[in-house]
Amino acid sequence: MTEKKKVSSLKRFFESRLFNQLLPIAFLILLCIVFGILTDGRFTSLNSLKIILDQSLIVGTVAIGGAFIFATSNTALSMGATSLLSATVACIVYNATGSPVLMIVTAFGMGILLMVFSAVLSTLLNVRVLFVTVIMMALFAAVQQSLLGGGTVAVPFALVNDLTNSGVHYILFGAVFVVSIILFNFTEIGRSLKMIGTNRVCADMTGISYKKFLTIAFILGGIACGAGAIIAVIRAGSISTTSLASLNMDVMLALVLGGMSIFGGSKSFVYAGVVGSLTVVALNQGLLMIGVDASYIQAIRGIIFLILVVTSQKRPKGLPAPEG
Amino acid sequence: MANSVPLMEVRHMYKNFGVTVALNDVSFELERGYVYGLIGENGSGKSTVSSIIAGMQPASSGEMIYKGEPWNPTSMLMAQEHAIGMIVQEAGTIPNISVAENIFLGHEKMFMSGPFVSKAKMNHAAEELLVKLGIENHFKPSDRTADLDMQARKVIEIAKCMYWQPDLLIVDETSTALSHEGREFLYKVMKEQRENNKTVLFISHDLDEMCEHCDKLTVLRDGVIIGTLDKTEYDQDVIRRMMVGREVKGDYYRSDMNGYSDEVVLKADCITTLSTLTCFDLELHKGEILGIGGLSDCGMHLIGRALFGVEKILDGKVVAADGSVIKSPVDAINHKIAYVSKNRDQESLGLSATIYENIASTGYKINLFFANLISKKKEKEYVNKQVKDLMIKCAGVHYNVNTLSGGNKQKVVFGKWMSMDADILILDCPTRGIDVGVKASMYKLMYDLKMQGKSIILISEELQEIIGMADRVLMMKDGEITAEKFRGPDLSEHALIDFMI
Ligand SMILES: Nc1ncnc2c1ncn2[C@@H]1O[C@H](COP(=O)(O)OP(=O)(O)OP(=O)(O)O)[C@@H](O)[C@H]1O
Ligand SMILES: [Mg+2]
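Chain order of the listed sequences is L and E.
Quick note: numbering that gives the first Met the number 0 has the first sequence finishing at residue 323, numbered continuously throughout.
Quick note: numbering that gives the first Met the number 0 has the second sequence finishing at residue 500, numbered continuously throughout.
Next comes the structure, spelled out in structure tokens:
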């Protein structure tokens with residue numbers, strides 16, 4: 000009797016969502032162990048781990064914001080371009096005014112503005128977010144290029160030093176994380192976005208307005224892009240047309256590796272972005288360390304993404320329902 | 000002539016879903032020339048066993064013998080080819096294709112003309128089938144399925160099954176999606192099966208219907224076969240006791256004649272919708288249960304949608320008690336109006352979300368502990384109350400809704416709207432697929448709500464339910480009210496049916 004109970008509670012655990020959320024952490028740890036062994040401990044040295052942590056700050060911050068949008072079962076492709084353009088304008092503003100506060104405000108302002116612009120276009124024209132953001136991605140990149148004219152914009156080393164020493168990048172990440180956790184888990188926002196992602200018609204008929212909540216998701220996404228932009232400036236000191244090139248892809252990969260379904264819905268959670276970004280960066284770093292060519296790394300990441308998307312497409316277990 | 004070999008034999012069948020035991024040593028035989036009834040509470044395993052026979056999923060263990068040979072189907076198509084057809088409980092048609100394409104889904108090869116599928120040939124074959132079944136007047140083979148109502152879609156599924164002239168026809172909880180004429184069609188099909196020495200396995204929660212149309216009744220409880228009754232042994236009290244395991248009273252409708260107040264709480268003021276309704280008026284009063292009956296396409300389902308702000312209103316308006324106009328579900332919910340849609344899986348449930356998430360979805364603004372922060376504790380109570388009150392049978396509230404049986408899904412929808420403490424409830428076929436025990440508690444709940452001064456619109460395909468519960472009954476036909484009757488002893492199905500046909 001007790002034997003049977005044990006089995007059933009174990010089964011229950013494997014069927015639970017908690018298990019689903021712990022799996023990515025287990026994968027991350029496994030990844031670190033494997034790379035640690037393959038690199039004779041170089042990968043797991045304190046220094047190397049700190050680099051991974053620092054590098055995952057940008058992806059992590061933007062991915063946390065991305066979780067709100069992806070929860071609605073929409074794919075946003077413009078978060079990378081939004082962060083880039085925000086960072087560029089923020090640098091230009093700093094160089095013109097010399098005010099770090101203005102720089103930070105600009106980054107957030109631009110992030111929110113650009114993302115909300117995408118959301119409004121999507122809901123107003125009734126075009127899918129995917130299509131709108133693919134256009135925005137190209138548009139923002141073009142604007143950024145014309146602002147920089149092919150060159151780079153740099154902020155003074157002293158500023159970078161000051162901001163780094165006062166840990167602004169950690170503070171920004173921490174703030175975005177804490178606020179997001181609260182909004183996602185303890186207010187109607189997270190729940191509503193997940194319901195929209197699960198069944199938009201049903202959400203609508205439960206009084207959850209798609210327009211309202213999509214806009215909220217994009218505002219939060221914009222804030223995350225703004226924070227990501229500032230962290231990018233702090234970490235690099237300069238922004239060029241090729242900066243943050245793989246950010247959007249990294250964000251998507253991070254969310255999926257973090258255990259979220261690319262189709263959003265009920266299985267969405269914010270900290271997928273955090274765990275996932277660590278995994279993405281660790282994967283990049285580890286492959287580089289064992290001497291894999293950079294172009295192969297891109298291919299490997301692409302393949303992993305595809306596998307994850309295809310497997311997450313598998314219909315959740317349920318009674319056969321031909322009409323989905 | 001009695002055949003020595005039964006058509007289908009199920010032996011020691013088990014089925015587990017994770018921790019749930021859905022079938023526990025189920026054995027039975029189906030012979031030719033009979034209509035068998037399968038009855039049991041929600042979640043007792045009826046759909047599971049029938050879907051295994053029809054090839055939709057495998058059993059965990061056990062065997063099936065079909066026409067004397069072992070039967071291990073791998074798909075519904077395979078079952079179809081071996082003359083086993085099933086009409087599923089859930090929607091079984093694909094919305095974005097034509098009627099003919101749905102009928103011949105998976106068999107397009109039959110209509111090849113060169114390298115392409117000939118739509119014309121397919122439509123022609125479908126037309127022949129519809130004529131043969133006598134339903135050619137209701138829709139055309141080329142119609143887009145999504146444009147048809149739920150009844151028509153179910154009828155398409157029946158037609159699709161019948162094309163293959165199944166020896167074994169399985170009908171899972173289909174009648175609640177059908178109104179009067181659809182049911183007559185279904186019964187006719189079942190009768191013909193029997194006359195042609197073929198077999199039907201019929202699943203329904205309507206005892207009258209079961210007793211009338213089935214030659215034998217098998218009762219299932221918690222995945223175990225409790226017993227089988229011959230037609231001569233039918234006694235509804237006995238059947239109910241077998242199903243539930245304890246005594247259940249037969250009459251579960253209200254028996255009082257309590258009235259309602261004159262105060263109008265919701266009003267349709269000359270509303271016109273894209274189809275069917277033209278300058279339609281309706282008033283709902285405080286403490287009133289207003290029943291609306293008619294055929295599926297009479298407009299009664301549209302009224303529910305329009306009152307809740309879902310259906311586009313071209314002219315006129317829906318007005319709440321305080322005079323404000325309801326234009327969207329958000330408006331409606333702000334005025335404490337709840338709506339149980341008939342289209343459960345598409346409009347009322349997030350199937351891949353959990354039971355908890357679905358029920359909690361109406362309480363984001365209710366279960367708060369501070370400012371806009373949600374109290375997990377209150378939310379849990381909010382959900383658990385419904386699971387308990389409605390006896391939702393689940394392995395746990397954190398399991399997805401699509402692991403529930405049809406009736407239990409319906410309970411989740413009902414519970415989700417009950418929990419928000421609405422003042423006005425628009426219920427479109429709320430007891431669809433619900434077993435007798437829970438139906439009784441739902442009716443009791445409706446009555447209690449009425450006595451608390453809440454108002455209910457009860458839209459239903461089942462006249463008995465309307466007669467049993469409503470203070471006032473509206474009968475509809477072609478978008479117009481054909482009769483208004485008040486609660487009273489002389490209100491009968493017979494007196495109403497003429498107004499709908
Ligand atoms: N895919 C699944 N995953 C987990 N549990 C399932 C699944 N399908 C069915 N079940 C469980 O199996 C049991 C039997 O379900 P089934 O659908 O056969 O009931 P039913 O008799 O058809 O009920 P209803 O009258 O409500 O349609 C239920 O407890 C249900 O929750
Ligand atoms: Mg069922």
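Beta carbons are placed, not taken as given, at the ideal position from N, Cα and C, and that holds for glycine.
Delimiting residues of the beta strand (DSSP E) encompassing residue i
{"i": "K265 of chain E", "result": "Inspection of the sequence shows that residue 265 of chain E is occupied by Leu rather than by Lys. Taken as a continuous stretch (DSSP letters only), the beta strand (DSSP E) holding L265 of chain E covers 263 to 272."}
{"i": "K316 of chain E", "result": "312 to 319"}
{"i": "G36 of chain E", "result": "34 to 39"}
{"i": "M12 of chain E", "result": "7 to 16"}
{"i": "V218 of chain E", "result": "215 to 220"}
{"i": "S26 of chain E", "result": "19 to 29"}
{"i": "F369 of chain E", "result": "367 to 369"}
{"i": "D229 of chain E", "result": "223 to 229"}
Same chain only: Cβ atoms within 6 Å of residue i, ignoring 5 sequence neighbours per side
{"i": "K335 of chain E", "result": "A421, D422"}
{"i": "M12 of chain E", "result": "L22, V25, A58, G61"}
{"i": "L30 of chain L", "result": "A281"}
{"i": "T74 of chain L", "result": "L129"}
{"i": "N71 of chain E", "result": "none"}
{"i": "K230 of chain E", "result": "D214"}
{"i": "N184 of chain L", "result": "none"}
{"i": "Y93 of chain L", "result": "M102, V154"}
Residues that residue i contacts on chain A, provided the C-beta gap is smaller than 9 Å
{"i": "P328 of chain E", "result": "Of the protein chains in the structure, L and E, none is chain A."}
Residues near residue i by beta carbon distance below 7 Å, same chain, minus five either side
{"i": "G272 of chain L", "result": "G59, A62, I63, G65, A66, A253, L254, G257"}
{"i": "I96 of chain E", "result": "T144"}
{"i": "T277 of chain E", "result": "T271, G478"}
{"i": "E322 of chain L", "result": "Annotation note: pLDDT 30 at E322 of chain L (below 50); position unreliable, coordinate value reported separately. Excluding sequence neighbours, E322 of chain L sits near nothing in its chain."}
{"i": "G54 of chain E", "result": "P72, T73, S74, M75, M77, A78"}
N- and C-terminal bounds of the alpha helix (DSSP H) containing residue i
{"i": "S222 of chain L", "result": "Residue identity differs from the one stated: residue 222 of chain L is Ile in this sequence, not Ser. First-last of the alpha helix (DSSP H) with I222 of chain L: 209 to 235."}
{"i": "F339 of chain L", "result": "Outside the modelled stretch of chain L, which goes from 0 to 323, sits residue 339 of chain L, for which no answer is possible."}
{"i": "V61 of chain L", "result": "45 to 70"}
{"i": "F279 of chain E", "result": "No alpha helix (DSSP H) contains F279 of chain E, which is instead part of the beta strand (DSSP E) from 279 to 284."}
{"i": "M135 of chain L", "result": "128 to 147"}
{"i": "S179 of chain L", "result": "167 to 185"}
{"i": "G181 of chain E", "result": "179 to 194"}
{"i": "Y259 of chain E", "result": "Y259 of chain E -> no alpha helix (DSSP H), and no H or E assigned at all."}
{"i": "S89 of chain L", "result": "Before going further, note that residue 89 of chain L is Ala rather than Ser in the sequence given. It spans 78 to 96 - the alpha helix (DSSP H) in which A89 of chain L sits, taken as one unbroken run."}
{"i": "D161 of chain L", "result": "156 to 164"}
Cβ shell of residue i (< 8 Å), same chain only, five flanking positions each side left out
{"i": "Y457 of chain E", "result": "Per the sequence presented here, residue 457 of chain E reads as Leu, with Tyr not at that position. Contacts found: I288, L289, G290, I291, L426, P429, M445, E464, I465, M468, A469."}
{"i": "T227 of chain E", "result": "F27, K215, L216, T217, V218"}
{"i": "S237 of chain L", "result": "C90, T151, V152, A153, V154"}
{"i": "P488 of chain E", "result": "none"}
{"i": "E89 of chain E", "result": "D344, G405"}
Inset, instruction - Answer yes if the stretch 39 to 48 of chain E comes into contact with the stretch 210 to 220 of chain E, meaning at least three C-beta pairs across the two stretches below 8 Å, and no otherwise. - result: Yes, the stretch 210 to 220 of chain E touches the stretch 39 to 48 of chain E.
Inset, instruction - Taking 8 Å as the threshold, find out whether the stretch 323 to 334 of chain E comes into contact with the stretch 344 to 352 of chain E through three or more Cβ pairs. - result: No contact exists between the stretch 323 to 334 of chain E and the stretch 344 to 352 of chain E.
Legend entry - Segment contact flag, the stretch 198 to 205 of chain E with the stretch 162 to 171 of chain E, C-beta cutoff 8 Å, min 3 pairs: Taking a cut-off of 8 Å on C-beta distances, the stretch 198 to 205 of chain E touches the stretch 162 to 171 of chain E, as three or more cross pairs fall below it.
Inset, instruction - Select from the stretch 244 to 265 of chain L all residues with a C-beta closer than 7 Å to any C-beta belonging to chain E, and list them in chain order. - result: Within the stretch 244 to 265 of chain L, the qualifying residues are G264, S265.
Legend entry - Residues of the stretch 383 to 400 of chain E with Cβ closer than 9 Å to any Cβ of chain L, in chain order: Those residues of the stretch 383 to 400 of chain E that come within reach of chain L (Cβ to Cβ, closer than 9 Å) are A394, G395, H397, Y398, N399, V400.
Legend entry - Where the stretch 189 to 203 of chain L meets chain E: residues whose CB sits under 8 Å from a CB there: Answer in chain order: R190, S191, K193, M194, T197, N198, V200, C201, A202, D203.
Inset, instruction - Could you tell me whether the stretch 295 to 306 of chain L touches the stretch 97 to 111 of chain L, using the rule of 3 or more Cβ pairs below 8 Å? - result: The stretch 295 to 306 of chain L, when compared against the stretch 97 to 111 of chain L, does not touch it at the 8 Å Cβ threshold.
Inset, instruction - Please go through the stretch 385 to 442 of chain E and give each complete alpha helix (DSSP H) segment of 4 or more residues, from N-terminal end onward. - result: Listed in chain order, they are 405 to 417.
Legend entry - Near-chain L residues of the stretch 426 to 460 of chain E (beta-carbon distance less than 9 Å), N- to C-terminal order: Those would be none; no residue qualifies.
Inset, instruction - Report yes or no: do the stretch 225 to 235 of chain L and the stretch 71 to 88 of chain L share at least 3 C-beta pairs separated by less than 8 Å? - result: The stretch 225 to 235 of chain L makes contact with the stretch 71 to 88 of chain L: 3 or more CB pairs, one atom from each, lie closer than 8 Å.
Inset, instruction - Can you give me, in chain order, the residues of the stretch 351 to 367 of chain E that have a beta carbon less than 8 Å from any beta carbon in chain L? - result: For the stretch 351 to 367 of chain E, which is checked against every Cβ of chain L, the residues closer than 8 Å are S351, A352, T353, E356, A359, S360, T361, Y363, K364.
Inset, instruction - Determine which residues of the stretch 42 to 53 of chain L have a Cβ less than 7 Å from any Cβ of chain E, and write them out in chain order. - result: Flagged: no residues at all.
Legend entry - Against chain L: residues of the stretch 210 to 224 of chain E by CB proximity under 7 Å: Flagged: no residues at all.
Inset, instruction - Please name the residues in the stretch 175 to 189 of chain L whose beta-carbon is closer than 7 Å to at least one beta-carbon of chain E, in chain order. - result: Answer set for the stretch 175 to 189 of chain L: F185, T186, E187.
Legend entry - Length at least 4, wholly inside the stretch 47 to 113 of chain E: the alpha helix (DSSP H) runs in chain order: Here the runs fully enclosed are 75 to 80, 98 to 102.
Legend entry - Segment contact, 8 Å Cβ cut-off, at least three pairs: the stretch 311 to 330 of chain E with the stretch 202 to 216 of chain L: Contact holds: three or more Cβ-Cβ distances are below 8 Å.
Inset, instruction - Check whether the stretch 184 to 200 of chain L touches the stretch 263 to 270 of chain L, taking contact to mean three or more Cβ pairs, one atom from each stretch, closer than 8 Å. - result: Yes, the stretch 184 to 200 of chain L touches the stretch 263 to 270 of chain L.
Inset, instruction - Flag this pair as touching only if the stretch 178 to 192 of chain L and the stretch 33 to 50 of chain L have three or more C-beta atom pairs under 8 Å; answer yes or no. - result: Short answer: they don't touch.
Inset, instruction - Take every Cβ of the stretch 6 to 26 of chain L, pair it with every Cβ of the stretch 4 to 20 of chain E, and state whether three or more of those distances are shorter than 8 Å. - result: Touching, yes.
Inset, instruction - Anything in the stretch 4 to 35 of chain E with a Cβ closer than 9 Å to a Cβ of chain L? List those residues in chain order, please. - result: Residues F16, G17, V18.
Legend entry - Continuous alpha helix (DSSP H) assignments of at least 4 residues falling wholly in the stretch 107 to 150 of chain E: Within the stretch 107 to 150 of chain E, the runs of alpha helix (DSSP H) at least 4 residues long that lie entirely inside it are, in chain order, 118 to 132.
Legend entry - Complete runs of the alpha helix (DSSP H) confined to the stretch 438 to 491 of chain E [at least 4 residues]: Fully enclosed alpha helix (DSSP H) runs of 4 or longer: 462 to 468.
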